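The structure appears right after this line, and notes come after that.
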Amino acid sequence: MLTGILVALPMVLHEMGHFFVALIFGKRIRFTFAVGNFFEIPVPRATWKMPEGLTKNQQRLVSQAGFAAELLAMPFLPWIYSAVALAHFLLYPWYAGMENDFTGMGQVRQE
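With positions in the sequence shown counted from 1, the corresponding number in our numbering is that position plus 1377.
Shown next, in the form of structure tokens:
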């Protein structure tokens, strides 16, 4: 049970990072469920659109907040969390497609 929680926790913290940084800027993010593909393996994921009215720097911060929250938690949690968080970070560009956090760091994705 604990292992399952530690495996899911990086993704939860990731989305919470986006959500709370957007809240700091007075915006809300709405998440939708999507499925990405890592080669032939379906990968469940939450997607969201960048809220309107943010500056480019604010958009970058909202985009970066997901992995920042996930990676900053690594020293405080067991190794399995760190392994999953690191795998998530490394494999993310391969399954996320065009709706990904790295795109949000350089381009505007709005509601």
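For each residue, glycine too, the CB sits at the ideal point set by N, CA and C. All figures in this text were calculated on a predicted structure; none of them were measured in a lab.
Would you mind working out which of the options sits nearest residue i, comparing C-alpha positions?
i            : options                : result
residue 1424 : 1391, 1379, 1458, 1462 : 1391
residue 1401 : 1438, 1470, 1469       : 1438
residue 1447 : 1381, 1382, 1389       : 1389
residue 1431 : 1422, 1403, 1449       : 1403
Report yes if the CB atom of residue i is closer than 8 Å to the CB atom of residue j, and no otherwise.
i            : j            : result
residue 1394 : residue 1443 : yes
residue 1458 : residue 1420 : no
residue 1427 : residue 1436 : yes
Which word fits residue i, buried or exposed, when buried means at least 16 other C-beta atoms lie within 10 angstroms of its C-beta?
i            : result
residue 1405 : exposed
residue 1399 : buried
residue 1417 : exposed
residue 1407 : exposed
residue 1453 : exposed
residue 1396 : buried
Give every residue of the same chain whose Cβ lies closer than 8 Å to the Cβ of residue i, excluding the five residues on either side of it in the sequence, and list them in chain order.
i            : result
residue 1477 : 1469, 1470
residue 1445 : 1394
residue 1466 : 1444, 1447, 1448
Apart from the five residues on each side of it in sequence, which residues of its chain come closer than 6 Å, Cβ to Cβ, to residue i?
i            : result
residue 1378 : none
residue 1461 : 1384, 1387
residue 1409 : 1424
residue 1464 : none
Is any heavy atom in the ligand FMN found nearer than 7 Å to the beta carbon of residue i?
i            : result
residue 1409 : Looking at this structure, you won't find the ligand FMN or any other ligand, since it has none at all.
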